[in-house]
Structure formats: C-alpha cells, structure tokens
DNA sequence: GCCGTTTTCGGCCCGACTGTTTTCAGTCG
C-alpha cells in the first residue's frame with residue numbers, strides 16, 4: 022500500500038472502532054497517527070524498511086505494527102476483522118446530522134438496525150422514539166436526515182461555497198446591528214472541498230442578528246437557533262453556521278473557528294504548556310484573566326509564535342516553523358506577471374488568440390502562453406502540425422503588434438501511453454514551452470503510470486507537467502501515480518509541476534507542499550482556461566499555492582519576462 | 001493507543017446547542 026491508502030485505511034479503522042464503542046482516546050490516537058503520516062515527507066517504504074516508524078511522534082508500537090502489515094502485505098487483517106463485526110451501513114449513518122456513534126450503536130444493539138433501509142422503516146414504525154434517550158423529535162430528524170443524505174453528498178467545491186458565502190455575507194450586512202463580519206472555517210483556509218460556511222459576527226444585539234440569519238430567503242431548514250450559535254441548511258444543500266461573540270473575544274474566536282481542528286488542538290496544548298488556557302473567548306491564566314488581543318497576530322505572539330496565515334493552519338508542520346520564526350513569505354495574487362496554460366479556438370477553446378491576449382493585457386499581465394491540445398486528443402480538436410504552424414504565424418504577427426506584451430508559443434501535449442510527447446522532435450523544438458498532460462489510458466497500474474510521467478519529465482523538450490493526478494474533485498478519482506517519485510524527478514530535471522487553478526482540479530494537491538518546498542520544486546499557477554473569463558480561476562490556484570507553502574520565487578509566472586525567456590530557452 | 005519540562009501512569013481541548021431529561025449525555029465543530 023502507498024501512504025495515502027495507509028492513511029485512509031487507518032481512518033476507516035478509527036471510524037469502525039468508534040462504532041464499536043472503543044475508548045475515544047484510543048480513536049484519537051489513530052487520527053493523530055494519520056496526521057503524523059500526512060505531515061511526513063520521507064518515503065513510507067523506506068521508513069518501514071529501516072524500521073523507523075516509531076520515531077514518528079504519534080506512532081507507537083501498536084499502530085506501527087498495523088502499518089507494516091499494510092505496506093508489506095498490502096492488507097490489514099485488523100480492518101478485515103472490524104469490517105466483519107461492523108455492518109457497513111453504520112458508517113453511512115454517521116452522515117445523518119444528529120446521529121453519532123453512540124446512538125447508532127444503541128439502535129443496532131437494541132433493535133438490530135444494520136442498514137439505512139432498516140433505519141427508515143424503524144422510524145416509520147415509531148420504534149426509534151421509544152428507545153431510552155431518544156424521542157419523537159430525534160426520530161423525525163433521522164427521517165429527514167436520511168432524505169438529505171440521499172439528496173446531497175454533503176461536500177462542495179470551494180468555488181461553489183465561496184460564491185454562496187459572498188451572497189449570504191451581503192445579506193447579513195443588511196442587518197444594521199453588525200459591527201464585524203468574517204468568514205471563518207475551511208473556507209477561510211481555502212480548502213478545496215468544504216462542508217459548510219462558517220461566519221463570525223460581533224454585534225450589539227445578538228438576538229436580532231440570529232433572527233435575521235435564520236430568515237435568510239435561501240433557507241431550507243433551521244438546524245439550530247441559539248443566542249451565540251445558529252445553523253441553517255440552504256436549499257442548495259450546504260450548511261451555514263453563525264457565531265456571535267463580543268468585540269474583545271473576536272480575535273480568539275476567529276482563530277478558533279478558522280481551525281483546522283488539528284491546528285487548534287496543538288495551539289491549545291502549546292498554551293497549556295505555558296500554564297494558559299486557550300479557547301474561543303480568550304487566552305486565560307490560572308486566575309481566569311484573559312490576555313487582551315485585538316488581532317490574531319497578537320494571539321500568536323502571546324504564545325511565542327510567528328503569525329500563521331489561515332491557509333497554512335492544517336497542523337502539517339506550520340506551528341513548528343512559526344516557533345522558529347521560519348515561515349515562508351507566501352505568494353499573493355499581485356505577484357503574478359503572466360499566465361500559462363490556456364486554450365483557443367485552435368482546439369477546444371472559445372476565444373481567439375488575440376482575444377485571450379487582449380483580456381490578459383486588460384487584467385495587467387505582461388505575457389501569456391497559449392497551449393492548445395496536441396493532435397492525439399481528437400475529441401478536443403487537437404492541432405495537426407499544419408495548424409500549429411498557422412498558429413505560430415498568428416502569434417508572431419501579434420507579438421509584432423503588441424508593445425511590452427509577449428505571447429509564448431506553447432502546447433498542451435498529450436503524454437502518450439509510453440511516456441513520449443505527441444509531435445516529432447522537429448516540431449517540438451519549435452515551441453517556446455511544452456506542457457505534458459495525461460488525457461487517456463487512465464487505468465494503468467501505479468508503477469506504469471509513474472514511469473510514463475517520469476519518462477515525459479526526462480524528455481528534454483518538456484517544460485511543465487499539467488494537472489499531475491488527473492483528478493476531478495467530487496467527480497473522478499486521481500489516476501494511480503506515485504507523486505513522491507514524480508516530485509523528485511521533476512525537481513531533478515528542472516520541470517515545473519503546475520497548480521491547475523480550475524476549481525474542479527486544483528491539482529497539484531496542496532498536501533504535497535512540504536515535500537515540494539524541501540525539493541525546491543517549481544510551479545506555475547495555471548487557469549487552464551477555455552474562455553477568456555476563465556482567467557478569474559487564478560484566484561483559486563493562488564489559495565492552493567499558499568496552502569502548499571509556495572513563495573513567489575518558486576512560481577514561474579511571477580517571474581519577469583526575461584527570466585521566463587531564459588528558463589524556456591534552456592529546454 | 002500514545003506520550004513524557006506533571007516521564008511508565010494517568011491524562012489526552014473544550015464550549016454551545018438539542019433533546020431528553022429534571023441534571024445531563026450526545027453531537028458537533
């Protein structure tokens with residue numbers, strides 16, 4: 022098993038143990054072990070081979086043994102045993118709001134409910150409401166929860182949640198007793214997938230704010246309605262949580278509700294080591310007096326830490342760096358000087374080369390790189406060699422015409438099944454730069470796919486790897502590929518690995534950021550636009566690049582035109 | 001199950017809300 026599989030297996034084991042009613046701290050230990058593995062950049066194979074698993078903080082004898090079995094024998098007897106004990110629908114029931122492991126277990130033990138079908142029937146037969154600690158209300162909630170489960174997957178793209186959050190923020194601002202209003206949660210951390218929108222408010226009159234909130238016209242259901250905390254579900258499915266705090270609590274609350282949970286847990290334990298208590302209301306000493314902090318920066322400072330921007334708060338090593346004052350200066354949108362990876366009417370894009378160039382100039386960019394599809398991708402109208410020549414001539418003419426703006430001649434070449442690029446060498450040599458992407462033959466083994474991509478990386482004509490895992494968020498799984506090896510190879514061959522900014526891709530995944538930083542990997546934040554307006558997607562790519570610890574120097578489309586030309590010329 | 005500037009046992013983050021209760025367990029974030 023690869024690291025990602027090991028992690029998901031451990032998480033699955035933790036869930037099943039929870040449903041079995043194991044000690045909650047034992048379960049937490051499994052989650053901690055997962056985090057430790059996620060943050061580990063060294064190859065898991067090597068760590069296992071050299072018997073160094075227990076050197077990782079969070080992994081002890083017990084879990085190490087299970088991991089070794091997964092890596093060496095490619096299976097987990099422990100998981101298999103648990104799966105035999107716990108019916109798999111019980112896991113699905115955890116997705117029903119209001120149902121946790123305890124309630125699910127009670128229903129299973131008392132009534133033998135092991136499938137969603139059973140559960141629905143038991144609700145309809147009023148068998149649930151008579152169980153101890155259950156009641157009519159809970160039974161109703163379960164029934165409507167099953168409906169929601171079927172209707173909405175409960176996960177949403179960042180781009181979708183971002184747009185919805187802008188709408189509800191605008192609505193909330195209509196309430197005139199609000200002093201401060203901020204988005205928190207995973208949305209503020211710019212995570213690619215989100216479950217809900219978290220909002221934080223400072224207000225003179227919390228009751229009015231809450232009433233305004235639950236009266237939002239797009240509400241499907243009010244999940245909770247209290248003085249300090251309320252939750253609604255929108256018709257489009259996603260949940261919105263609102264918290265109201267007092268002015269002097271705001272910085273602490275913002276930090277707390279931004280998360281991540283894992284980051285917060287570690288922050289609290291740092292506070293605890295200093296004899297302090299950190300929660301959403303303040304940073305308290307043993308006399309219950311809180312420090313005064315008017316900003317998040319102050320809170321971090323009070324704990325002896327450099328300020329950690331929200332995107333980094335995933336407990337993947339950022340706190341350790343903050344302690345040493347070594348956090349990177351991250352890229353921001355203003356750093357960008359040009360854009361690569363876009364399609365025109367020469368393949369499957371909507372606009373002409375000129376239109377793309379003019380749009381980019383309007384937005385203040387100094388250069389673009391046109392990359393239509395190559396000949397093998399016939400479904401997307403890939404360019405035949407004669408069309409490439411025609412496009413070259415058009416680009417040359419436009420470059421003559423434009424002042425202090427350059428169009429680079431590029432291509433998004435298919436990486437063919439054997440790892441070769443799509444045109445003959447003669448033509449490849451004439452492009453300024455080449456992006457290599459996989460668009461077919463997805464179903465190779467991991468070893469074959471990795472070899473295919475590395476062969477392309479070693480090709481002297483290749484400048485950049487496009488959407489390295491081929492994933493489509495919430496739609497299509499990534500193809501099997503060993504990203505550790507790909508990143509090593511790309512860094513060694515001076516090949517750029519793009520961050521595809523399309524909201525469905527966001528690929529390279531930010532979780533590779535730590536390894537990428539260690540290897541000094543270059544990236545480029547690419548919109549993969551098929552229409553001029555698609556340049557706006559860059560916003561999503563910036564968020565991912567920041568999550569992935571990229572400073573501006575390692576992102577080639579922040580470079581000046583001369584530096585880009587020099588870099589391309591070397592290939 | 002893991003860990004140790006409370007170090008081999010005992011603690012592991014903590015508060016709001018709900019629905020069931022009549023003081024609290026369970027869920028959620």
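Residue numbers (the working numbering): 22 to 592.
Note that the Cβ used here is the ideal one computed from N, Cα and C, for glycine as well.
What you are looking at is a predicted structure, and each value in this text was computed from that prediction instead of being measured.
- Query: Would you say residue 474 and residue 452 are within 9 angstroms of each other, going by their C-beta atoms?
  - Reply: no
- Query: In terms of residue numbering, what span does the beta strand (DSSP E) encompassing residue 388 cover?
  - Reply: 388-394
- Item | Under the three-state DSSP convention, the category residue 166 falls into | helix
- Message: Considering only DSSP beta bridges, list what residue 177 is partnered with.
- Response: 215
- Query: Taking contact to mean at least 3 C-beta pairs separated by less than 8 angstroms, is the segment 96-113 in contact with the segment 42-57?
  - Reply: no
- Task: Give the straight-line distance between the Cα atoms of residue 427 and residue 581, rounded to the nearest whole angstrom.
- Result: 11 angstroms
- Whole-angstrom distance between residue 559 and residue 183, CA atom to CA atom: 14 angstroms
- Message: Please report the straight-line C-alpha distance between residue 425 and residue 567, rounded to a whole angstrom.
- Response: 29 angstroms
- Query: From which residue to which residue does the beta strand (DSSP E) around residue 154 run?
  - Reply: Careful: residue 154 lies outside any beta strand (DSSP E) and carries neither H nor E.
- Query: In whole angstroms, what is the alpha-carbon distance linking residue 282 and residue 158?
  - Reply: 30 angstroms
- Message: For the segment 309-327 against the segment 255-266, do three or more pairs of beta-carbon atoms, one drawn from each stretch, fall closer than 8 angstroms, so that the two count as touching?
- Response: no
- Message: Using C-beta distances below 8 angstroms, list every residue in its chain close to residue 131, excluding the 5 sequence neighbours before and after it, in chain order.
- Response: 152
- Have a look at 520, 415, 200, 208 and flag the residue whose alpha-carbon is nearest the alpha-carbon of residue 187. 208
- Item | CA-to-CA distance, residue 513 to residue 291, given in whole angstroms | 38 angstroms
- Message: Can you tell me where the alpha helix (DSSP H) holding residue 344 begins and where it ends?
- Response: 339-344
- Mark residue 252 as exposed unless 16 or more other C-beta atoms lie within 10 angstroms of its C-beta, in which case mark it buried. buried
- Residues sharing a beta bridge with residue 432, DSSP: 393, 455
- Task: For the beta strand (DSSP E) containing residue 530, list its first residue and its last residue.
- Result: Unbroken run through residue 530: none, as it is neither H nor E.
- Message: Quick check on the DSSP output: the alpha helix (DSSP H) that includes residue 382 runs from which residue to which?
- Response: 374-383
- Message: Is the beta carbon of residue 439 closer than 9 angstroms to that of residue 397?
- Response: no
- Start-to-end residues for the alpha helix (DSSP H) that takes in residue 103: 98-106
- Closest residue to residue 353 among 572, 202, 243 (Cα-Cα distance): 572
- Query: Looking at the structure shown, is residue 226 part of a helix, part of a strand, or coil, going by DSSP?
  - Reply: coil
- Got a sec? Which residues, its chain only, sit under 8 angstroms from residue 78 by beta carbon, not counting five neighbours each side? 57
- Message: Could you tell me the alpha carbon to alpha carbon distance between residue 411 and residue 461, rounded to whole angstroms?
- Response: 26 angstroms
- Item | Any beta strand (DSSP E) of 3 or more consecutive residues that is wholly inside the segment 34-85 | none
- Item | CA-to-CA distance, residue 70 to residue 93, given in whole angstroms | 9 angstroms
- Please report the Cβ distance between residue 517 and residue 536, rounded to the nearest whole angstrom; I am assuming they are in contact, meaning their Cβ atoms lie under 8 angstroms. In fact, because the Cβ distance is near 16 angstroms, the residues do not count as touching under 8 angstroms.
- How is residue 289 classed by DSSP in three states: helix, strand or coil? helix
- Query: Pick from 288, 400, 90: whose alpha carbon is nearest that of residue 326?
  - Reply: 288
- Message: Among the candidates 23, 27, 62, whose CA atom is the shortest distance from the CA of residue 532?
- Response: 62
- Would a C-beta distance cut-off of 9 angstroms place residue 361 and residue 577 closer than the cut-off? yes
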